[in-house]
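Student: Just so you know, the sequences run in chain order S and B. Read in our numbering, the first sequence has 268 at position 268, and its numbers run on one by one without any break. Read in our numbering, the second sequence has 231 at position 231, and its numbers run on one by one without any break. Just so you know, even glycine gets a beta-carbon here, dropped at the ideal spot from N, CA and C.
Protein chains: 2
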Amino acid sequence: MSTADDPAEVRVGDLSEGAILARILARLAPSAAPVGPGDDAAVLAAPDGRVVATVDTLVHGPDFRLAWSSPFDLGWKSAAVNLADVAAMGARPTALLVALAMPNDTPLPFVERLADGLRAACDELAPGAAVEGGDLTVSDTLTIAVTALGTLDGGAPVLRSGARAGDVVALAGEAGAAARGLDVLFRRFRDLAGEPTPIAFDELDAGERACVEAQLRPRPPIALGPVAAATGATAMMDVSDGIALDATRMAEASDVSIWIDSAALGARRGWAVDGGEDHALLAAFRSDTALPPGFRAIGHVRDRGEAPLLVDGEPYEGRAGWDPYRDWDSATG
Amino acid sequence: MSTADDPAEVRVGDLSEGAILARILARLAPSAAPVGPGDDAAVLAAPDGRVVATVDTLVHGPDFRLAWSSPFDLGWKSAAVNLADVAAMGARPTALLVALAMPNDTPLPFVERLADGLRAACDELAPGAAVEGGDLTVSDTLTIAVTALGTLDGGAPVLRSGARAGDVVALAGEAGAAARGLDVLFRRFRDLAGEPTPIAFDELDAGERACVEAQLRPRPPIALGPVAAATGATAMMDVSDGIALDATRMAEASDVSIWIDSAALGARRGWAVDGGEDHALLAAFRSDTALPPGFRAIGHVRDRGEAPLLVDGEPYEGRAGWDPYRDWDSATG
């Protein structure tokens, strides 16, 4: 137990759950819900009689490294990736529930900055959404599981399975920046044993820095999810694992083939195809639909052929995205 | 990587996320939702325009030990504790989202049995509720974060803060069994180093066995939550941390004092007061309300005095429940 008087030296293990919770709630936006934090459960508005719900977890090790991610970054990213899943249904995020499991020696200011990041991501990416509940527990492994809820505001959900031959495939948001940023981190900021080391931002050029920031604090175009739905998107998902893997998933769900024009992916096309974590919105629209502002065409949908995904006309056979169960080994990082 | 042909020897690290997910989904109840598992998010019915939402996490170490809990137990308990939080608002559970973080060497049958436990708890405790979404990730620490959603079916939520002087305090469900069961586990099934060892059920008498089972697979009276709400409960919560701590929380939220008659708690009154995890429903009712079947009076509400909680007339000064941040040390268990 710490006996320090300096608030920066207080550890969560020195405090009761209630005391930690009070410090977190003080950083969050006021509740906009019928019943916000503090009871056994929250009660949230679901104005059209449905609620969109998703959960995603960030785990220290496979999903982030504390040498690279600040607590603010972690709060931001854990919110952003879940807001993107709500937006990818064509819905507007309304609330987050945050399950935070952390070691007893976690500094209290770390938790407060994490709460700041959660709030900032909601305020900037999904105004009106707020943390409305959560759970604190002890773990040897810092883990942040965020549930995001949202409303379709009377519209139909946009599924992965609705793409039809002739549709245009379009993308909104970054393509490859987060993956390029991860590559910069792995190549430049590891010591001889391969362990992450602090990021020297002043050693990075502007492009590298932008990509590292896209990796640590992704900015998915959340507001464009409902816009795409209202414009008639036939299928949509967020690109969490790279365009190759996620477009393949859309093609399989829709029983079509998807042709991607890699030149349309811009300067980081290689990273965009194989690397994930931008949480851009990948959508299909009827070819006679004017794409909503923010979306750019990157391909089209064909009748199902032998391969679900064609990149510049060739069946895609590269490395398809990031699968935590296949790609991560806690021993080697 | 395992190369075994025996399915029992397959580890989750040998499989893709999609393959593990398919094995889990095969064990779960069919989705009853407008959009169930498989897309970026689920779409769930919220028929009265509101949704009740809560999250709670079980972490290996502070919350369970694999020497004592079977994977079925873990699935069951992670569902039950969250269903209880929904019921404690007076709501009917409709859906769970399950974020499962597990080591790569977790056997696939372990995950399947955990899914069986989730399903069984829903089927038996909250018919109509099902797992409608989730997330799989890798972690060195097995962690199960469950979000539970529910509907108030047009009724008002029952908060902690509504108890008024003169109300009867009533309890539905077990009182002290889970805490007594944990004590049996700690006293009887640890080796010389204090490490958990397998439970020898045949060494237990019937009462001990029932308590151990209550600890590992609690059976909160989920269906009684909406019944209590319909009967006019003025306040309600689930007893997760012991009647002393949770009744104190209700008293503080309601700005009243609560008098508990310990004799009404039955044979395990000491465990009931100080120990948690039964997830019984603690509720207040107007004194002229006939208690719904399943509830028994255990005390009453008074104007706020100096102490929020009186047990048999004495201000309660004992050990008040379990706080993970105060009570658990990963080094000593």
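1) So the alpha helix (DSSP H) A230 of chain B belongs to, where does it begin and stop?
2) Can you give the Cα-Cα distance for A91 of chain S and P157 of chain S, rounded to whole angstroms?
3) Residue ranges of each beta strand (DSSP E) run of no fewer than 3 residues wholly in the region 121-180 of chain S, ordered along the chain?
4) In whole angstroms, give me the CA-to-CA distance for G74 of chain B and D6 of chain B.
5) What number of angstroms, rounded off, separates the C-alpha of R113 of chain B from the C-alpha of G36 of chain B?
6) Would you say T57 of chain B reaches chain S, if we count a Cβ-Cβ gap shorter than 7 Å as a contact?
7) According to DSSP, is E314 of chain S helix, strand or coil?
8) Would you kindly check if the distance between the Cβ of V168 of chain B and the Cβ of A297 of chain B is under 7 Å?
9) Contact between the region 141-151 of chain S and the region 50-58 of chain S: three or more CB pairs below 8 Å?
10) In three-state DSSP terms, what is R92 of chain S?
11) Taking the alpha-carbon positions, what's the A163 of chain S to I243 of chain B distance?
12) Taking A230 of chain S as the reference, which of S:R286, S:E213, S:S254 and S:D183 has the closest Cα?
13) DSSP three-state label for L66 of chain S, please.
14) Could you tell me the boundaries of the beta strand (DSSP E) in which A45 of chain S lies?
15) Are there 16 or more other CB atoms within 10 angstroms of the CB of P127 of chain S, so buried, or fewer, so exposed?
16) T54 of chain S lies in the beta strand (DSSP E); which residues open and close that run?
17) Does the distance from the CB of V239 of chain B to the CB of V51 of chain S come in under 7 Å?
18) Can you grab the Cα-Cα spacing for the pair V227 of chain S / P221 of chain S, in whole Å?
19) So is L192 of chain B buried or exposed if we call it buried at 16+ other beta carbons inside 10 Å?
20) Using DSSP with H/G/I as helix, E/B as strand and the rest coil, what is D6 of chain S?
21) Are the C-beta atoms of M237 of chain B and some chain S residue less than 7 Å apart?
22) Please state the DSSP three-state secondary structure of A253 of chain B.
23) So, is the C-beta of T332 of chain B closer than 7 Å to a C-beta in chain S?
24) Any beta-carbon of chain S closer than 7 Å to the one on T109 of chain B?
25) Give me the Cα-Cα distance between F189 of chain S and F201 of chain S, rounded to the nearest whole angstrom.
26) Report the neighbours of L44 of chain S on chain B: residues whose CB is nearer than 7 Å to its CB, in chain order.
27) With DSSP collapsed to three states, give me the class of E17 of chain B.
28) Got a sec: which bits of the region 129-155 of chain B sit with their beta carbon under 8 Å from any beta carbon on chain S, in order along the chain?
29) Any beta carbon from chain S within less than 7 Å of V256 of chain B's own beta carbon?
30) Which two residues bound the contiguous alpha helix (DSSP H) that contains G299 of chain B?
Tutor: Taking the structure as given:
1) In the second sequence, counting from the first residue as 1, residue 230 of chain B sits at position 230. From DSSP, the alpha helix (DSSP H) with A230 of chain B extends over L224 to T231.
2) Translated into the one-based positions of the first sequence, residue 91 of chain S becomes position 91. Translated into the one-based positions of the first sequence, residue 157 of chain S becomes position 157. One C-alpha to the other measures close to 7 Å.
3) 130-138, 143-151 and 168-172
4) The sequence position of residue 74 of chain B within the second sequence is 74, counting from 1. The sequence position of residue 6 of chain B within the second sequence is 6, counting from 1. Note that residue 74 of chain B is Leu in the sequence shown, not Gly. Roughly 24 Å between the two C-alpha positions.
5) The residue labelled residue 113 of chain B in the question sits at position 113 within the second sequence. The residue labelled residue 36 of chain B in the question sits at position 36 within the second sequence. Roughly 21 Å between the two C-alpha positions.
6) Looking up residue 57 of chain B in the second sequence gives position 57. It does; some Cβ of chain S falls within 7 Å.
7) On the first sequence, position 314 is the one that residue 314 of chain S refers to. Three-state result, E314 of chain S: strand.
8) Locating residue 297 of chain B in the second sequence gives position 297, where the first residue counts as 1. Locating residue 168 of chain B in the second sequence gives position 168, where the first residue counts as 1. The answer is yes: Cβ separation under 7 Å.
9) yes
10) What you label residue 92 of chain S is simply residue 92 of the first sequence in a count that begins at 1. It is a strand residue.
11) Counting from 1 along the first sequence, the entry for residue 163 of chain S is found at position 163. Counting from 1 along the second sequence, the entry for residue 243 of chain B is found at position 243. Cα to Cα, A163 of chain S sits roughly 54 Å from I243 of chain B.
12) For this step, residue 230 of chain S is matched to residue 230 along the first sequence. Closest option to A230 of chain S, Cα to Cα, is S:R286.
13) In the first sequence, counting from the first residue as 1, residue 66 of chain S sits at position 66. Of the three classes helix, strand and coil, the one that applies to L66 of chain S here is coil, per DSSP.
14) Counting from 1 along the first sequence, the entry for residue 45 of chain S is found at position 45. Counting along the chain, the beta strand (DSSP E) containing A45 of chain S begins and ends at A42 to A45.
15) The residue you call residue 127 of chain S lines up with position 127 of the first sequence. Burial call: exposed.
16) Start at 1 with the first residue of the first sequence, and residue 54 of chain S comes out as number 54. Looking at the DSSP string, the run of the beta strand (DSSP E) that includes T54 of chain S is R50 to V59.
17) Along the second sequence, read from residue 1 onward, the residue named residue 239 of chain B stands at position 239. Along the first sequence, read from residue 1 onward, the residue named residue 51 of chain S stands at position 51. No. Outside cutoff.
18) The residue labelled residue 227 of chain S in the question sits at position 227 within the first sequence. The residue labelled residue 221 of chain S in the question sits at position 221 within the first sequence. Cα to Cα, the separation comes out at about 10 Å.
19) On the second sequence, residue 192 of chain B is found 192 positions in, with the first residue counted as 1. Under this definition L192 of chain B is an exposed residue.
20) Against the first sequence, residue 6 of chain S aligns to sequence position 6. In the structure shown, D6 of chain S sits in coil (DSSP, three-state: anything other than H, G, I, E or B).
21) Stepping through the second sequence from its first residue, residue 237 of chain B is reached at position 237. Yes, M237 of chain B lies at the interface with chain S (some Cβ there is under 7 Å from its Cβ).
22) As a first step, residue 253 of chain B must be located in the second sequence, where it is residue number 253. In the structure shown, A253 of chain B sits in a helix (DSSP, three-state: H, G or I).
23) Indexing the second sequence from 1 puts residue 332 of chain B at position 332. Low confidence applies here, because T332 of chain B scores a pLDDT of 39, under 50, leaving its location unreliable and the question unanswered by this model.
24) As a first step, residue 109 of chain B is located in the second sequence; it is residue number 109 there, counting from the start. Position check: residue 109 of chain B holds Pro in this sequence, whereas Thr was assumed. Output row for P109 of chain B: interface = no.
25) Locating residue 189 of chain S in the first sequence gives position 189, counting from the first residue. Locating residue 201 of chain S in the first sequence gives position 201, counting from the first residue. F189 of chain S and F201 of chain S: Cα-Cα distance of roughly 10 Å.
26) Within the first sequence, numbered from 1, the residue matching residue 44 of chain S stands at position 44. Chain B residues near L44 of chain S: R50, V51 and A53.
27) Position 17 of the second sequence, counting from 1, holds the residue named residue 17 of chain B. In the structure shown, E17 of chain B sits in a helix (DSSP, three-state: H, G or I).
28) E132, G133, G134, D135, L136, T137, V138, S139, D140, T141, T143, A145, T147, A148, L149, G150 and L152
29) As a first step, residue 256 of chain B must be located in the second sequence, where it is residue number 256. For V256 of chain B, the answer is no, since every Cβ of chain S falls outside 7 Å of its Cβ.
30) In the second sequence, residue 299 of chain B corresponds to position 299, counting from 1. From DSSP, G299 of chain B is part of no alpha helix (DSSP H) but of the beta strand (DSSP E) over F295 to D303.
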